[in-house]
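As structure tokens, the structure follows; a few thoughts come after it.
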Amino acid sequence: MQKRVSAKISFLLVLSMFIGMFFVISRNSSVQAAPSFELVGFATLNGGTTGGTGGKEVTATSISQINELLSQRKKNKDTSPLVIKFDRKLTGSEVIACKKVSNITFLGVDGKGELEGAGINIVKSKNIIVRNLKIHHTRGPMDAIGIENSQNIWIDHCELYNEIGDCNGDGIVDPNDGDTEGGDVDWYDGLLDIKKSSEYITVSWNYFHDSYKTSLIGSSDGDDYDRKITFHHNICADVKSRTPSYRGGTGHMFNNYYVDVLGSGINSRVGAKLRIEGNIFERVGCGAVDSKTGFAEGPIGSYYSSKIGYWDVRDNIFIDCKGNQPTTSTCSFEPPYKYDHVLQPASQVKETVLRYAGVQGNIVLPTTSPTNPPAATPTQPKNTQQPTVKYGDLNGDGNVNSTDSILMKRYLMKSVDLNEEQLKAADVNLDGRVNSTDRSILNRYLLKIIEKLPYGNETPPAMPTPTDTHPSSTPTEGVVHEAESSSNHLKYAKVESNYVVFDQTKDAYIEMKKVNSPVTGEVTITIVYSNGSGKSLPMEIKVNSTTIESNKEFPSTGIYGALSA
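What follows is the structure, encoded as structure tokens:
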């Protein structure tokens, strides 16, 4: 039986026959040894940055508990070292107020430390470390991490993200070319904003993604304090701009990976002098010419201000970028600290940061000496003669989820390579090959159609049949029809990184053609979708021009990227 599915929708909904994240972290473990994660950069100066090393340890159980602890610390003028550990997910809408305190480390443990809806605001504080934490969806004007009038700060191995798209859930995506008050662009604020007299800061090994406003250095053109900040070995992926937007002072950006930046990348403005070296820029920039400076929006430039900034550029790689891609410097700046021992050639950076940036299993605290702290090593599987294969876990993070499915898809599309261990994990039907059948099985496992992996060297089961019909006695493979199919027809919708994204137009739809059923009679259509709007959204579903669901509700999945069916 030939099926043609047409879906019409009156709200924004992200939909495809399989959905994944915009960006994939692949932990390819066969090429490079683990790098040193020691503190380098501006945070080593001015007495160094050790946070709460060697001090009392407290486990965070709620945001209010931590705020009470910090409030008492401020009141009592307590400057003794303190480590606040996060071993669970904490949710809320209030900020963690790290104000007028010092010598504190906020540390995620076992890769479980997470803040949802609550950011960390560091104000008039000194010697603060934030490591190994996932912080996301912080409602504006709150930043994921905000730093103001503070010195000696180290932000390391964190994952910070919000959302790009229909952030406020009104079914309309506001224009992306400016700040629409109350709209999507302003719904969330920055991932890491640093303002006023903040200096001696290092931002290292972090994963920034899915944000309109990534990192703002200086709150306005009048905020031109001589800030001193180092960014190294970070990932900025699927963001609009500000990677960072840097006003005044001096900065150092080395060995970072910028990928899929929709507007401008590093924006040096208001007299800033930036050393930018050994970075990779991939698909960065829109090429639009800024009316104030004349620079085309690209990886490196000076934008949105009549007061331009400057750059000292060396050994950067530009791949499929638009706009300004300078190879000639407009200033000279020599960082006043040692970093040659951690500086990599730009050609090695992508592999390194894709493996090691972001939250790790365990992070070792620095010693009380800021000049030579011990290197932290990510948790690795025990080296045995016959390592246990966790089928489906391609990226080696201990979990089987949509990230692994997208990584397998990238491999099948020949856009990434898998090492020997990853290929073993990807062969989920044990036939000695990795192909589309393995991905189909993996997707069904994620949907709980299959109970365990590996599924075995046999045909995968059919999609579940309706409860009011008798299932076929003959096992069938079923059909997986994906968003990218060339036979699909879209109206007021588009395919973006494995998603079908519907516009806010009432008559938006996707028509899926050439979907051939492996059996005759009744079949079940399973739609895998993601709906981060916070509410159910209705769709009309037709097969061969016949309406089978006139107002099918698709419940919210919480955030975009979370799957349901």
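For the sequence shown, this note's numbering gives the first residue as 1178, with consecutive numbering after it. For each residue, glycine too, the CB sits at the ideal point set by N, CA and C.
Task: Secondary structure, alpha helix (DSSP H): runs of 4+ residues fully inside the segment 1217-1285 - done: 1240-1252
TODO: Evaluate the contact criterion for the segment 1217-1225 versus the segment 1236-1245: three or more CB pairs, one atom per stretch, below 8 angstroms.
DONE: no
Open item on the list: Rounding to the nearest angstrom, what Cα-Cα distance links K1372 and K1276 in this structure?
Closed with: 14 angstroms
- [ ] Taking W1382 as part of the alpha helix (DSSP H), name the residues at either end of that continuous run.
- [x] Per DSSP, W1382 belongs to no alpha helix (DSSP H) and is neither H nor E.
Open item on the list: On the criterion of 16 or more Cβ atoms from any shown chain inside 10 Å, does N1432 qualify as buried, or is it exposed?
Closed with: buried
- [ ] Verify whether the separation of the beta carbon atoms of Y1423 and S1388 is less than 8 angstroms.
- [x] no
- [ ] Return the chain-ordered list of same chain residues with a C-beta closer than 7 angstroms to the C-beta of S1445, the five sequence neighbours on each side being excluded.
- [x] Y1423, L1451, S1479, G1486, Y1487 and W1488
Open item on the list: Are the CB atoms of G1535 and H1313 within a distance shorter than 8 angstroms?
Closed with: no
Open item on the list: Closest to G1118 by C-alpha separation, out of T1427, D1415 and D1361, would be which residue?
Closed with: The question about residue 1118 has no answer here: the residues shown for the chain are numbered 1178 through 1742.
Task: Cutoff 7 angstroms; reference D1401; Cβ partners in own chain excluding five residues on either side - done: G1395, R1424, G1425, V1447 and G1448
Open item on the list: Could you tell me the alpha carbon to alpha carbon distance between V1307 and E1598, rounded to whole angstroms?
Closed with: 33 angstroms
TODO: Return helix, strand or coil for A1414, following the three-state DSSP convention.
DONE: strand
Task: C-alpha gap between R1532 and T1614, whole angstroms - done: 27 angstroms
- [ ] Find out if the Cβ-Cβ distance for the pair N1501, G1475 is shorter than 8 angstroms.
- [x] yes
TODO: Using the Cα positions of Y1434 and E1459, report the straight-line distance between them to the nearest angstrom.
DONE: 8 angstroms
Task: Rounded straight-line distance, which links the Cα of V1278 to that of V1235 - done: 16 angstroms
TODO: In angstroms with no decimal places, state the Cα-to-Cα distance between K1301 and E1325.
DONE: 6 angstroms
Task: Beta-carbon contacts of K1266 that lie in its chain and below 6 angstroms, excluding the five residues immediately before and after - done: E1291
Task: Residues bridged to I1371 (per DSSP) - done: I1324 and I1394
Task: Alpha carbon of T1282 to alpha carbon of E1726, nearest angstrom - done: 53 angstroms
Open item on the list: What would DSSP say about L1129, mapped onto helix, strand or coil?
Closed with: With the chain covering 1178 to 1742 only, the question about residue 1129 has no answer from this structure.
Task: Own chain residues within Cβ distance below 6 angstroms of R1491, not counting five before or after - done: E1454
- [ ] Closer than 6 angstroms by C-beta to S1206: which residues in its own chain qualify, once you throw out the five before and the five after it? Chain order, please.
- [x] With a pLDDT of only 34 at S1206, under 50, the local geometry of the prediction cannot be trusted, and no value is derived from it.
Task: Reference R1419, options T1427, L1595, H1410 and D1370, closest by Cα - done: D1370
- [ ] Kindly indicate which residue of E1628, A1603, K1499 and I1305 has the alpha-carbon position closest to the one of R1587.
- [x] A1603
Open item on the list: I'd like the span of the alpha helix (DSSP H) that includes T1614, first residue to last.
Closed with: S1613 to L1623
Open item on the list: In whole angstroms, give me the CA-to-CA distance for L1393 and D1320.
Closed with: 10 angstroms
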